[in-house]
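Let me begin by presenting the structure, written as structure tokens, before commenting on it.
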Amino acid sequence: MPLWLILALASFCLALGLITANLLYARLAEQSAVLEGPAGSLLYVSAFSAFQDEWELYAGQQSATIVDEQLELTVSSPQTATWSAARPQFRDFDLTVKATAIQGPVDNAFGLVFQVTERPDGSCDLPAIILCEVDRRLPLFGAALRQFIPAADSAGYFAFLISSDGYYSLTKTEAGKTLTLSAWIPSPHIHQGLNAANAIRVLARDASYRFSINGAPVALCLPDDEDAASTYVGGECIDGSMREAFQDETPRAGKIGVMAQSTSTGGGGVVLRFDNVIVLSPAAPGGEDAKA
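This note's numbering applies: residue 8 is where the sequence shown begins, and numbers increase by one.
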């Protein structure tokens, strides 16, 4: 057999083995990481005093650090977002967090990210899970891989955000692009100003998502055309309709986390603190969580 043919077959077998191993590794990782339980049961809790290793932490102008047993996100630059995700994954969940803006302009944005499908910036950017594991164990080999393998797409996630001047919104980020699913809507339920704590909640069941702020359910201004955008002006949802829930295409598992964001008008210097992350398994339809 010619040497070139032997080398080609060897390369093909190696590639096939990597693909197969990656698929098996990804499947096993998802099965081991997705937290599920009976309706109403506690799936996960973090007060950031004893679970620091389960969250993405990093330093810099945009940082995620533990301060006074709370997760603090700092956004120094204008029109920039920073976030941190927890290690476990969830499919159906009832997620709440307490968030407090302690510095910066009230023209800000902060809240929950969920169904995170990739790890945040600063982690593995290789396209295959098994290659990420190799990179973690053999960083020099990982650096060599990056010379030949393009980086993976940036993280995909949903974000339900509120602002310190009394608005809320829902967005979706995928492949580096952010789509506004529900325009910014004013709400009397938001505690405005700095040092005002807000309880933010997302309820996910069968790819349907409902939202509440400080115990009050809030409706979304969703576009009538999924390829277009809606706006909320003068108390009316333009080019869309007000709905109690957002329905995604299919159920999927992903991580949950928190986000802080600066705006172009408000500027940088945004500092948020998050505490009391609680994840429950949703109650059955018609149960105690039906109003959320």
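By construction, the Cβ of each residue, glycine as well, lies at the ideal position given by its N, Cα and C atoms.
Using three-state DSSP, classify residue i as helix, strand or coil.
i, result
"Asp60", "helix"
"Ala260", "coil"
"Ala236", "coil"
"Ala40", "helix"
"Thr107", "strand"
"Pro85", "coil"
"Ala166", "strand"
"Asp172", "coil"
"Pro9", "coil"
"Pro95", "strand"
"Leu255", "Note on residue identity: the sequence assigns Asp, not Leu, to residue 255. Asp255 falls in the coil class under three-state DSSP."
"Pro45", "coil"
"Ala297", "With a pLDDT of 44 at Ala297, under the threshold of 50, the modelled position of that residue is not reliable, and the figure given next carries that caveat. Ala297: coil per DSSP, three-state reduction."
"Ala291", "coil"
Keeping to the same chain, check which residues put their C-beta closer than 7 Å to that of residue i; ignore five residues upstream and five downstream.
i, result
"Ala190", "Ser176, Cys228, Ser237, Thr238, Tyr239"
"Ala226", "Met249, Arg250, Glu251"
"Phe117", "Ala106, Ala108, Leu168, Ile169, Met266, Ala267, Gln268, Leu279"
"Ser83", "Gln68, Gln69, Gly275, Gly276"
"Asp282", "Ala54, Phe55, Gln77, Lys105"
"Pro9", "none"
"Gly301", "This structure cannot settle anything about residue 301, because the visible part of the chain is limited to 8 through 299."
"Asp231", "Asp246, Gly247, Ser248"
Sort out for me which residues DSSP pairs residue i with in a bridge.
i, result
"Ser53", "Val284"
"Trp90", "Met266"
"Gly247", "Pro230"
"Pro224", "Ser219"
"Arg212", "Ser215"
"Gly274", "Thr270"
Would you give the residue range spanned by the beta strand (DSSP E) that residue i belongs to?
i, result
"Asp118", "It should be pointed out that residue 118 corresponds to Gly in this sequence rather than to Asp. Element bounds for Gly118: 115–123."
"Ile73", "69–74"
"Ser215", "215–220"
Here's a check: name, in chain order, each residue in its chain whose Cβ is nearer than 8 Å to the Cβ of residue i, leaving out the five neighbours to either side.
i, result
"Glu37", "Bear in mind that a pLDDT of 45 at Glu37, under 50, signals an unreliable position, so the number given afterwards is only what the model happens to contain. Gln96, Ala260, listed in sequence order."
"Thr89", "Gln69, Ser70, Ala71, Leu80, Thr81, Val82, Met266, Ala267, Gln268"
"Val123", "Ala92, Ala162, Gly163, Tyr164, Gly261, Lys262, Ile263, Gly264"
"Pro85", "Ser269, Thr270, Ser271, Gly273, Gly274, Gly275"
"Arg34", "With a pLDDT of 49 at Arg34, under the threshold of 50, the modelled position of this residue cannot be trusted; read the value that follows with caution. Excluding sequence neighbours, Arg34 sits near nothing in its chain."
"Ile220", "Ile169, Tyr175, Ser194, His196, Ile197, Asn205, Ala206, Ile207, Arg208"
"Gly213", "In the sequence on display, residue 213 carries Asp and not Gly. Closer than 8 Å at Cβ, skipping near neighbours: Asp99, Pro258."
Ordered along the chain, which non-local residues of its own chain (more than five positions away) have a Cβ less than 6 Å from that of residue i?
i, result
"Thr81", "Ser70, Val278"
"Val284", "Ser53, Val104"
"Gln254", "Ser215"
"Val120", "Trp90, Tyr164, Ala166, Gly264, Met266"
"Trp62", "Ser91, Ala93"
Residue i CB to nearest chain C CB: under 7 Å?
i, result
"Pro85", "Of the chains in the structure shown, none is chain C; there is only one protein chain."
(request) Run through the stretch 176–206 for me and flag every whole beta strand (DSSP E) of 3 or more residues, listed as ranges in chain order. (result) 184–193
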